[in-house]
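Visitor: Take a look at this one; I'll ask things after.
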Amino acid sequence: MAQGAVLRFERVAHAAAARAGALIRSRYRDRQDITFKGEVDLVTAVDREAERLIVDMITAAFPEHGIHAEESPSRSSRDGHRWYIDPLDGTTNFAHGYPHFAVSIALARDDELLLGLVYDPVREELFTALRGSGARLNGAPIELSSVDQLDRALLGTGFPYDQRQHAD
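Last residue of the sequence shown: 222 (the numbering used here), numbering continuous.
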């Protein structure tokens with residue numbers, strides 16, 4: 055795939071994430087109407103509104119692309135491209151006023167990941183990774199640690215939380 059096409063995909067994803075992030079940030083301190091889509095998975099109106107913004111922008115730019123979004127039905131691809139969207143990754147944190155959440159968008163073509171983007175609207179940090187181009191934070195390359203021993207390295211993780219499985 056031509057790098058120019060991937061850069062165009064990234065520009066649209068970046069614009070969509072920024073717009074959704076602005077919406078999320080503007081509503082962050084508001085009282086949230088929470089509903090549940092499962093026993094422990096909650097969703098807010100902001101999730102749905104942010105997703106609609108992202109899906110509309112991507113669909114307008116790339117009508118032939120498929121979309122798999124967290125809060126709405128999937129749409130099939132006509133050319134092998136498929137977007138994966140979590141408009142408010144960390145809804146539980148958002149709903150409880152804890153400032154650790156993000157907009158997450160990725161694009162694959164025929165099961166090969168082309169780009170990934172995570173935007174933190176509170177810190178205004180945009181993490182991007184493009185196939186063959188490395189990862190960046192707000193446009194600057196992300197450097198790997200020079201630590202060469204695992205026991206001296208820092209490892210950050212994030213695991214889904216299900217209070218039924220992790221009772222105190």
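Glycine included, C-beta positions come from ideal geometry on N, C-alpha and C.
(1) Would you tell me roughly how many angstroms separate the C-alpha atoms of ALA221 and TYR152, rounded to the nearest one?
(2) Using DSSP with H/G/I as helix, E/B as strand and the rest coil, what is ARG129?
(3) Please list, in chain order, all residues of the same chain as GLU64 whose beta carbon is under 8 Å from its beta carbon, the five residues on each side excluded.
(4) Apply the 10 Å Cβ neighbour rule to ALA149 and answer buried if 16 or more other Cβ atoms are within range, or exposed otherwise.
(5) Assuming contact is defined by CB atoms lying nearer than 8 Å, are VAL109 and ILE88 in contact in what I supplied?
(6) Consult DSSP for LEU107 and reduce its assignment to one of helix, strand or coil.
(7) Let me check understanding here. Comparing Cα to Cα, which of ASP202, ASP133, LEU180, ASP164 lies closest to LEU194?
(8) How far does the beta strand (DSSP E) with ARG136 in it reach, from first residue to last?
(9) Please report how far the alpha carbon of ALA123 lies from the alpha carbon of ILE196, in whole angstroms.
(10) Near ARG129, what residues of its chain come up, given a Cβ to Cβ distance below 6 Å and the 5 sequence neighbours on each side ignored?
(11) Report the option in GLU105, LEU198, ASP165, SER200 whose CA atom is closest to the CA atom of ILE159.
(12) Kindly list the residues whose CB is nearer than 8 Å to the CB of ASN147, restricted to its own chain and excluding five residues on each side of it in sequence; keep chain order.
(13) On the DSSP bridge list, what partners appear for PRO195?
(14) For ARG81, I'd like the list of residues in its chain whose CB is within less than 7 Å of its CB, leaving aside the five on either flank, ordered along the chain.
(15) Under 8 Å between the Cβ atoms of VAL157 and ALA74?
Guide: Answer, in terms of the structure:
(1) Legend: pLDDT at ALA221 = 49, less than 50; position of this residue unreliable, no value from coordinates given.
(2) Here ARG129 sits in strand by DSSP.
(3) The answer, listed in chain order, is LEU169, LEU171, THR182, LEU184.
(4) Flag for ALA149 reads buried.
(5) Not in contact: VAL109 and ILE88 (Cβ atoms no closer than 8 Å).
(6) DSSP places LEU107 within a helical segment (H, G or I) once states are collapsed to three.
(7) Looking at the sequence shown, residue 194 is not Leu but Ala. Comparing alpha-carbon positions, the option among ASP202, ASP133, LEU180, ASP164 lying closest to ALA194 turns out to be LEU180.
(8) From DSSP, the beta strand (DSSP E) with ARG136 extends over 135-143.
(9) Roughly 28 Å separates the two Cα atoms.
(10) Take ARG129, set aside five residues on each side of it, and the residues of its chain with a beta-carbon closer than 6 Å to its own are GLY120, ILE121, in chain order.
(11) Ranking GLU105, LEU198, ASP165, SER200 by Cα distance to ILE159 puts GLU105 first.
(12) So the list reads PRO153, HIS154, PHE155, once near-sequence residues are dropped.
(13) In the DSSP output, where bridge partners are listed per residue, PRO195 has ARG190.
(14) VAL100, listed in sequence order.
(15) Yes, they are a contact pair.
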